[in-house]
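See below for the structure under consideration.
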Amino acid sequence: MIITKQLSKTFTTKEGDIHAVKKLDLDIKSGQIVGLFGPNGAGKTTSVRMLSTIFKPTFGGGIVGGYDILEEPMKVRSVIGVAPEIPGLYPRLSARRNLKFYADLYKIPKYTQDNIIYKLMKEFDLDESIDRAVGGYSKGMRQKLSIIKSIMHEPQVLILDEPWAGLSPDASRDLRAIIRRLSQDRTILISTHNLAQAEMLVDRFIIISNGEKIVDNTKAEMTRKYELNPKVSITTMKPFEFQKLDNSLDYVKQVEADKNKAEIEINTVDHIPDLIEHMVKEGARIRTVKESIPSLEEIYIHLIEENGGNN
Ligand SMILES: Nc1ncnc2c1ncn2[C@@H]1O[C@H](COP(=O)(O)OP(=O)(O)OP(=O)(O)O)[C@@H](O)[C@H]1O
Ligand SMILES: [Mg+2]
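Following this line, the structure appears as structure tokens:
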């Protein structure tokens, strides 16, 4: 579990104070996969660093995995797994040596270490490079290794900062499956800009902008709450003048059209039958009709714009 109360961080620099995180309240139970989103510089990594006890908050505090981040930072560290934005690995050591070093820190019994390490390396398709120095790994390989390092001890709380950075589509899919497998009875917090990956995995969405939490919701609740107009995608057998619909029908809000296909924003889904009927009367030969649910990206951009961006 992750609970924070007014968690805040101010950096004092020569140019003045930077309020990177402002009074962040979180309450994340185990069994949830939570996404942390926000523009560059919003305060995601700073929040993650406070939760993983790398940075001390300047105000407020929190409990992570049952321990207080201010009072018991070492205990917090023993029950969490963190894959940081920049992977911390020893370049001159092999992957095996790197992982064994952390396995000792996490007190994984010696006799099980080889097994656990090999299984995860294989799962991420790195088994053939297990004895190569990590300095010679590609960016994606290093990223995979950093994730293995963070999950090796099956931590209660898993915190991943940009886990998909540099991963190929197949590796991204493997990572989703692994996260899903780990998610039962655990708390997983993923900070990312990769909304497409997150959308397939995350139960709950937290958006921060300028150090402040502006959204904390499930996707269904977000779509409802922010009342994005529904859209319908229509294709026709022959070219159709979709643009005309925008002028002639008051329930049509916006039309984005090509010759044979269009995405039409409407007031409510109740108007879909009327729209189809109207088009048929106008001579359209309709091929397909599909309601298009707003993507997480659309919702995200809508919310960030509504909040005036990040600066
Ligand atoms: N060590 C530091 N010293 C001074 N300022 C810092 C430090 N770390 C972060 N900041 C500032 O705090 C703010 C939040 O940065 P942070 O790295 O948390 O953003 P982020 O949401 O992770 O962004 P990104 O999406 O680019 O990774 C930024 O204005 C950044 O410049
Ligand atoms: Mg960051």
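Residue 118 in our numbering sits at position 114 of the sequence shown, with consecutive numbering throughout. Glycine is no exception: its CB is placed at the ideal position from the N, C-alpha and C atoms.
Is residue i near ligand 2, judged by its Cβ being under 7 Å from some heavy atom?
i, result
"Thr-191", "no"
"Thr-203", "At residue 203 the sequence reads Glu, which differs from the Thr that was named. Flag unset: Cβ of Glu-203 not near ligand 2."
"Thr-49", "yes"
"Glu-89", "yes"
"Asp-165", "yes"
From what residue to what residue does the beta strand (DSSP E) around residue i run?
i, result
"Glu-269", "265–270"
"Asp-178", "Not the beta strand (DSSP E): Asp-178 falls in the alpha helix (DSSP H), residues 173–186."
"Ile-194", "191–195"
"Leu-205", "Unbroken run through Leu-205: none, as it is neither H nor E."
"Lys-18", "Counting along the chain, Lys-18 falls outside any beta strand (DSSP E), and DSSP gives it neither H nor E."
In whole angstroms, what is the alpha-carbon distance linking residue i and residue j?
i, j, result
"Asp-21", "Thr-14", "6 Å"
"Ile-152", "Leu-124", "6 Å"
"Asn-102", "Arg-146", "11 Å"
"Tyr-304", "Arg-180", "21 Å"
"Val-273", "Ile-112", "55 Å"
"Leu-300", "Ala-202", "9 Å"
"Leu-171", "Ile-270", "37 Å"
"Leu-205", "Arg-81", "25 Å"
"Leu-149", "Ile-155", "10 Å"
"Tyr-141", "Leu-93", "11 Å"
"Ile-290", "Arg-53", "53 Å"
"Asp-165", "Pro-277", "45 Å"
"Phe-244", "Gly-287", "8 Å"
"Met-226", "His-306", "11 Å"
"Ile-194", "Ile-163", "6 Å"
"Val-138", "Tyr-106", "14 Å"
"Lys-33", "Glu-75", "21 Å"
"Lys-143", "Ser-176", "14 Å"
"Thr-3", "Pro-298", "Summary: the structure shown does not reach residue 3, with the chain confined to residues 5 through 315, and so no result is reported for it."
Please indicate yes or no: does the CB of residue i lie closer than 7 Å to some heavy atom of ligand 1?
i, result
"Phe-41", "no"
"Ile-194", "no"
"His-197", "yes"
"Gly-45", "yes"
"Thr-17", "yes"
"Ala-24", "yes"
How about residue i: is its Cβ closer than 7 Å to a heavy atom in ligand 3?
i, result
"Lys-153", "For ligand 3, the structure offers nothing, since it holds only ligand 1 and ligand 2."
With a threshold of 7 Å on Cβ separation, who are the neighbours of residue i within its own chain once the five nearest residues in sequence on each side are excluded?
i, result
"Ala-266", "Ile-238, Phe-246, Val-259, Glu-260"
"Gly-64", "Thr-8, Lys-9, Gln-10, Leu-11, Ser-12, Lys-27"
For residue i, collect the residues of the same chain with a Cβ closer than 8 Å to its Cβ; drop the 5 residues on either side in sequence, then sort them by chain order.
i, result
"Asp-207", "Gln-36, Ile-37, Val-38, Thr-222"
"Asp-178", "Glu-127, Phe-128, Asp-129"
"Ile-134", "Ser-98, Ala-99, Arg-100, Ile-121, Tyr-122, Met-125"
Note down, in chain order, each residue of its chain lying with its Cβ closer than 6 Å to the Cβ of residue i, except the 5 sequence neighbours on either side.
i, result
"Ile-218", "Ile-211, Asn-311"
"Asp-250", "Val-256, Val-259"
Between which two residues does the alpha helix (DSSP H) containing residue i stretch?
i, result
"Ile-305", "300–310"
Quiz prompt | Segments of 4+ residues assigned as alpha helix (DSSP H) that fall wholly inside the region 140–167 | solution = 143–155
Quiz item: Along the chain, which unbroken stretches of the beta strand (DSSP E) at least 3 residues long are found entirely within the region 23–54?
Solution: 36–41
Practice problem: Give, in chain order, every unbroken run of the beta strand (DSSP E) that is at least 3 residues long and sits entirely within the region 52–139. | Solution: 63–68, 84–87
Quiz item: If you scan the region 212–294 from start to end, which runs of the beta strand (DSSP E) of 3 or more residues do you find wholly inside it?
Solution: 216–221, 235–240, 256–261, 265–270
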